[in-house]
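Comments concern the structure below.
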Amino acid sequence: MRTHALRLLLCILITASIVGMLSLRTAVHAATPPVQVWLTTSDGVNHLTRQSDIQFSGVGSSPTIAVDDTQRQQQMDGFGAAITDSSAWLIYNHMSASQRTTLMTNLFGTNASNPTSIGLSFVRIPMGASDFSVTGAYSYDDLPAGQTDPTLAKFSIAHDTSYILPVLQQAYQLNPSIRFMANPWSPPGWMKTNGSMIGVANGQTGTLTSSAYGPLAQYFVKFIQAYQAQGIPIYAISPQNEPLYVPPDYPGMSWAANDESSFIKNNLAPALTSANLHPKILGYDHDWIGQSYAQTLLGDAATNNALAGIAWHCYNGSPTAMTAVHNQYPNKEVYETECATGISITHISTIDLLMQSVQNWSRAVELWNVALNTSHGPHTGGCTDCNGVATIDQNTGNVTYSNDYYLLGQFSKFVVPGAYHVSASTPSSGNISDVAFKNPDGSDVVVAHNGGNSSSTFNVTWNSSQSFSYTLPAGATVSFVWSASSVATPTPGATNTPTPTFTPVSTPSPTPRPTVTPTATATATPSPTPQPTATPTSGATCKVSYVVQNQWPGGFTTNVTITNTGTTALNGWTLKFAFPGSQQVQQGWNATWAQSGANVTAQNMSWNSSLAANASVSIGFNGAWTGNNASPTSFNVNGATCSS
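Each residue of the sequence shown is one higher than the one before, starting from 1197 at the first, in the working numbering.
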């Protein structure tokens, strides 16, 4: 009997151990998220096409992309292109309303489940005419030859209200996370030594007159204020596009590094501060061959203090120039802000531009025109073969999406502003290049490209614990997306299966377990920084989402979304909340912002005053903080307490 009992006991122990291990394995596998796969191939068969999901498994032996999302590098501001005068004119004047909505949704929509929306999030705006302008050279203060306007009494953005601002407003409505950057190709002609916006005119190379430094600084102030009043917040500016090139047939200006430095520290930065405007100021804004220009700006202590970083273009030099300057000034930011594709002077491919810009510390990667016509225009001088991200037939409004559109989408669709570029190794063989990111919501993104002539198989390993294998066709680009927060990794050496304790009893029976009564718990809406959740008032007819999209020492950017959850429209709205700390609103958009002590009020603009039932409006601001940047916990709209 005793032998039989011991055998029975041993069988029970072995069975329990096997069941426990199987249960653990099943639980870990069930907790492992699927990996989304989005593919663009060089043969045109796949254009940002969703493939079958794949699963993590054990670590394999193929060449490996080793992702470590705990090793963070630069924070990303986005991927995009410029809305030039030509682009906006085509979109607004040569497309039907439905065609325009489709194009704009495809370019700027953020619904990740829609294969055609790529969520562009960094948009450059020329301040006045560039080489892509329908109406030729224009500024916001044009005067007859010989006249000047040092007080800018005749400043006006009326030109932009016809079609540029409506297109920008629609883009911003589709994607409230867009960062807008603005800069001039030339100041008004009367501010320059050659009296013209054109780079070389009247037999002279134009540069800024000594008397125009102050007026040009105020020109920036007035532009930012005017655009802000139209609901377009300016996130970043640069003083001058391509200061080392003076075009003979379109707007441009020569500006030596020492002179730009003087303007930034003595005129531009003080004028912006006096007007309570705080866009990022980026210096240089020209090719990768200009390290010495950037070093002159950053080597001056006062200019260095005023600059957020340096902007770069792709036409000459190597993207490694950005790393060289970053290594010398690691606290200054890097932006790649222009690269026209389809022209002979662009020596880097679009996919290499995207990959290598990120690998060399750029927080944004931007192509040139977001849209052009079938003749690569309209343009005022400059290149005759530049490509748009989209091509619009002026006669029909039909759109052709370039390969650049899909390659941009491999990044912009999945990597949102506020994401971090994280560490990822490159496979030792197979011509694979790659970059990896971690989004604010915890999801991971890996973009890989096969630059070889044959397919290549590799592993992607996440934090040395989980892995999957993939074979990428020659010339193809793939994006892998997964929710890293739900990947379960068992702790090595942990006792996962409890050893059963046997107690001699006359009649074996299950051990009673206490009954747990679930308690209803309200779940707060996820946000990048968890904060106490306001208790909704019974019958609340509004909802407010307050999200800190970007934060740096002393400053932050916040997006606020107000939703009318009632059954009737709000005809006029006022949002009120109180900061829990010493935060200050400095520059707001899409609302009239006011602050008294900790109490903040945001009131509708004329163009967004009506809020239909179940509709939302996005507003936001740049702020300053010291000590603690905790989020507000209570909001009300028109006197009613809102849920959050």
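The beta-carbon is built from N, C-alpha and C at its ideal position, and this holds for glycine as well.
Here the structure is a predicted model, which means the values were calculated and not measured.
1) Would you identify the three-state DSSP class for residue 1758, choosing helix, strand or coil?
2) Report buried or exposed for residue 1247, applying the criterion of at least 16 other Cβ atoms within 10 angstroms of its Cβ.
3) Report yes or no: do three or more beta-carbon pairs, one from the region 1392-1403 and one from the region 1292-1305, lie closer than 8 Å?
4) Taking 8 Å as the cut-off, does the CB of residue 1254 come closer than this to any heavy atom belonging to the ligand FAD?
5) Would you check if the distance between the CB atom of residue 1376 and the CB atom of residue 1662 is smaller than 9 Å?
6) Taking the DSSP output, what are the residues bridged to residue 1628?
7) Straight-line CA distance for residue 1770 to residue 1777?
8) For residue 1658, which beta-bridge partners are listed by DSSP?
9) If you measure between the beta carbons of residue 1642 and residue 1676, is that distance less than 9 Å?
10) State the CB to CB distance for the pair residue 1736 and residue 1764, rounded to an integer number of angstroms; the pair is presumed to be in contact (CB under 8 Å).
11) Taking buried to mean at least 16 other C-beta atoms within 10 Å of its own C-beta, is residue 1573 buried or exposed?
12) In three-state DSSP terms, what is residue 1477?
13) What is the DSSP secondary structure of residue 1567, reduced to helix, strand or coil?
14) Can you tell me which of the three DSSP states residue 1562 falls into?
15) Taking all protein chains shown into account, decide if residue 1439 is buried (16 or more other Cβ within 10 angstroms of its Cβ) or exposed.
16) Do residue 1759 and residue 1816 count as a contact pair if the criterion is CB distance below 9 Å?
17) Exposed or buried, which one is residue 1617 when buried takes at least 16 other CB atoms within 10 Å?
18) Per DSSP, what are the beta-bridge partners of residue 1363 in this structure?
19) Can you tell me the Cα-Cα spacing of residue 1808 and residue 1833, whole angstroms?
20) Does the contact criterion of 3 or more C-beta pairs under 8 Å hold for the region 1784-1792 versus the region 1421-1434?
21) Return the chain-ordered list of same chain residues with a C-beta closer than 7 Å to the C-beta of residue 1555, the five sequence neighbours on each side being excluded.
22) Quick one: any contact between the region 1557-1574 and the region 1644-1658, if contact means 3 or more CB pairs under 8 Å?
23) Is residue 1399 buried or exposed, if buried means 16 or more other CB atoms sit within 10 Å of its CB?
24) Could you check where the alpha helix (DSSP H) with residue 1420 kicks off and where it finishes?
25) For residue 1588, which beta-bridge partners are listed by DSSP?
26) List the whole-angstrom C-beta distance separating residue 1418 from residue 1348, where the pair is believed to meet the contact cut-off of C-beta under 8 Å.
27) Who are the Cβ neighbours of residue 1333 in its own chain at under 6 Å, not counting the five residues just before and after it?
28) Take residue 1502 and list the residues in its own chain whose beta-carbon comes closer than 7 Å to its own, dropping the five residues that flank it on each side.
29) Rounded to whole angstroms, what is the Cα-Cα separation between residue 1434 and residue 1273?
30) Pull up the distance between the alpha-carbon of residue 1287 and that of residue 1536, whole angstroms please.
31) Where does residue 1692 fall in DSSP's three states?
32) What would DSSP say about residue 1826, mapped onto helix, strand or coil?
On the basis of the coordinates in this document:
1) strand
2) exposed
3) no
4) With respect to the ligand FAD, the structure shown offers nothing to examine, as it has no ligands at all.
5) No, the pair does not count as a contact, with Cβ atoms beyond the cut-off.
6) 1646
7) 22 Å
8) 1263, 1662
9) yes
10) Contact doesn't hold; Cβ gap of about 14 Å is too wide.
11) So residue 1573 counts as buried.
12) strand
13) strand
14) strand
15) Classification for residue 1439: buried.
16) no
17) buried
18) In the DSSP output, where bridge partners are listed per residue, residue 1363 has none listed.
19) 14 Å
20) yes
21) Within the same chain, residue 1555 has close Cβ partners 1631.
22) no
23) exposed
24) 1409-1425
25) When DSSP reads this structure, residue 1588 sits in a beta bridge with 1569, 1595.
26) Contact holds; Cβ gap of about 6 Å.
27) 1325, 1393, 1447
28) 1460, 1461, 1465, 1477
29) 16 Å
30) 19 Å
31) Bear in mind that a pLDDT of 32 at residue 1692, under 50, signals an unreliable position, so the model cannot answer this.
32) coil
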